[in-house]
Every structure is written in C-alpha cells, then in structure tokens.
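Scroll down for the structure; my scribbles are underneath it.
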Amino acid sequence: GENVEQHPSTLSVQEGDSAVIKCTYSDSASNYFPWYKQELGKRPQLIIDIRSNVGEKKDQRIAVTLNKTAKHFSLHITETQPEDSAVYFCAASKASGGYNKLIFGAGTRLAVHP
Amino acid sequence: KAGVTQTPRYLIKTRGQQVTLSCSPISGHRSVSWYQQTPGQGLQFLFEYFSETQRNKGNFPGRFSGRQFSNSRSEMNVSTLELGDSALYLCASSPVGYEQFFGPGTRLTVL
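If you read the protein sequences in the order shown, they are chains A and B.
Numbering-wise (the working numbering), the first sequence opens with residue 114 and increments by one.
Numbering-wise (the working numbering), the second sequence opens with residue 16 and increments by one.
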C-alpha cells in the first residue's frame, strides 16, 4: 500500500548548523513530493516541493533532493535559525491529472537552540 | 488572494451526535481535500472533491462524508460521533493538482 516513512522523529541542532530530514516512499508511481512546516497551533505551510522530473530544488536556505531509484527524498535546511523550530512533514502523491491524495510522513520535530 | 478558510474553528460535541464542517478554498481553486490530524495517527487523507465530484477517498468509515458546491466550497460531515473522532480537521485547496494549501483547521472535541 501507500506509505511514507520519515526520519528522524525529533532533531535538535544549534543555531547556524544544518538539519537534514529524510523520507522514503513506497509507491513508485508517486511523482510529487512536498514538504510542510507546522508551527504549534498553526496550519501546515508548504515550504518547498519537488516533482519527479527534477533531482534537486533549492530556495534560499532550504533544499530538497529526490532519488527516484531508491524512492528517497530529503529536506536540507542550512544556517538554521530559532524560527525554523517546528514540526516538518514530508508527503508524496501521484499528482497527475489532478490526483491530489497526499500521503504524509509521521513528522519531524525540529528544535533549533540559540 | 485570501487564503483557505474553515468554520467553525472549534467544536465540542458528544458521542452519537453529528457535525458539519465547512471549507472555503482560495478563489479560483477547484480542488478541495480533507485531512484528519491526530497525535497518534498523524495526517491522514479523508477525501478530495473536484468540480462537485468526489475524486479520491481515504480509508475512513462511511460515517465520514463530504460534498462540494458549485462555488467550490466544501463541507464534510461526521455522523454518530465517536471519542476517537476528536481531531484537527484540515482542508486544503489546490488549483488543479500538485500544490495544496491548508486552512487553519477545525478542532473537534468529542466528549
């Protein structure tokens, strides 16, 4: 069935360090991989996404990489700041023809210490 | 553009009752998806509506249902509430596919 595994479940870093969160998906037909950031009591916010025809995408301090062969994708945050502290969710979907079912990982709680 | 809105933001119900939640998508977005978020199960897909038709459905019992109106607004209904239905219910809108933008959610508590 459809499944997304996410590691680690918690991550603690010092301000300025890098953080890496990894996800593995089971459905090889998945072609869209978004990452969401959810602060306490707030809605999940789309921070970056990648489609299966691209291996890497970067937006300022955040980047996502995709390895279709291994069915792995990762979120990289450089120069972390305290405001990066939140729960991060990866997701996968077969978003072709408007198929919009997102399968989420269990989440990673990131704590950035000043 | 205004973001996704959901009403009500908080609800308290008792077991056996039913509840209706509402979602207004971003203007121009035709797809609305619903998700349930709980500490134990995480974010789980309920269903998706596009042009008033249910296009996808998750693994939830038939007590969970929804609909979409011609203006793309969507409602979800949960009948015969159980304690385990206590959760944050999130809707997300999308123009056609790919990017989904979430509303603030409705926090449902079942007593």
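For each residue, glycine too, the CB sits at the ideal point set by N, CA and C.
Nothing here was measured: the structure is a model prediction, and the numbers come from that model.
Out of the options, which has the shortest C-alpha to C-alpha gap to residue i?
i, options, result
"B:W49", "B:K72, B:Q56, B:I27 and B:E97", "B:K72"
"B:T53", "B:C38, B:L105, B:S94 and B:R88", "B:L105"
"A:S141", "A:V117, A:R174 and A:E196", "A:V117"
"B:R78", "B:E114, B:G43, B:L96 and B:S42", "B:L96"
"B:A102", "B:V19, B:G57 and B:R45", "B:G57"
"A:G168", "A:L179, A:I190, A:D162 and A:Q158", "A:L179"
"A:I190", "A:A176, A:K207, A:V225 and A:S198", "A:A176"
"A:A199", "A:R164, A:K155, A:P147 and A:N213", "A:K155"
"A:F146", "A:T193, A:P157, A:S165 and A:I134", "A:S165"
"B:V7", "B:R24, B:S42 and B:G43", "Outside the shown range of chain B (16 to 126) lies residue 7 of chain B, about which nothing can therefore be said."
"A:P227", "A:E196, A:E115 and A:P157", "A:E196"
"B:M91", "B:L26, B:F117, B:S37 and B:V125", "B:S37"
"B:S85", "B:Y113, B:S42 and B:T22", "B:S42"
Alpha carbon to alpha carbon, how far is residue i from residue j?
i, j, result
"A:Q119", "A:S143", "16 angstroms"
"A:C136", "A:G218", "7 angstroms"
"B:N74", "B:F60", "8 angstroms"
"A:T221", "B:S80", "30 angstroms"
"A:G129", "B:T29", "48 angstroms"
"B:R82", "B:S66", "10 angstroms"
"A:D172", "A:D162", "10 angstroms"
"B:Q69", "A:L223", "36 angstroms"
"A:S187", "A:S122", "14 angstroms"
"A:K207", "A:I216", "10 angstroms"
"B:Q10", "B:G99", "The structure shown does not extend to residue 10 of chain B, since chain B is modelled only from 16 through 126, so no value can be given for it."
"B:K16", "A:T182", "38 angstroms"
"A:Y212", "B:V125", "32 angstroms"
"A:Q151", "A:P157", "4 angstroms"
"B:Q115", "A:Y201", "15 angstroms"
"A:V133", "A:S125", "11 angstroms"
Could you name the residues that DSSP lists as bridge partners for residue i?
i, result
"A:E115", "None; A:E115 has no bridge partner."
"A:H189", "A:V133 and A:A176"
"A:Y145", "A:R164 and A:S206"
"B:I27", "B:T124"
"A:H226", "A:Q127"
Leaving out five residues on either side along the sequence, give the residues of the same chain with a beta carbon under 6 angstroms from the beta carbon of residue i.
i, result
"A:Y138", "V117, K184 and A205"
"B:S39", "T20 and R88"
"B:Y64", "V47, Q83 and S89"
Let's test the definition: count the other Cβ atoms within 10 Å of the Cβ of residue i and tell me whether it reaches 16, buried, or not, exposed.
i, result
"B:V111", "exposed"
"A:L153", "exposed"
"B:S51", "What sits at residue 51 of chain B in the sequence shown is Gln, not Ser. Result: buried."
"B:L123", "buried"
"B:A107", "buried"
"B:E76", "As written in the sequence, residue 76 of chain B is Pro, which differs from the Glu given in the question. Exposed: under 16 other Cβ atoms inside 10 Å."
"B:G120", "buried"
"B:G118", "buried"
Going by beta carbon distance, what residues of the same chain come within less than 7 angstroms of residue i, once the five residues before and after it are set aside?
i, result
"A:Q194", "E128 and V225"
"A:L159", "P147 and Y149"
"B:H44", "S87, S108, S109 and P110"
Between which residues of its own chain and residue i is the CB-CB distance below 8 angstroms, once the five residues before and five after are set aside?
i, result
"B:L26", "V34, L36, T121, R122, L123 and T124"
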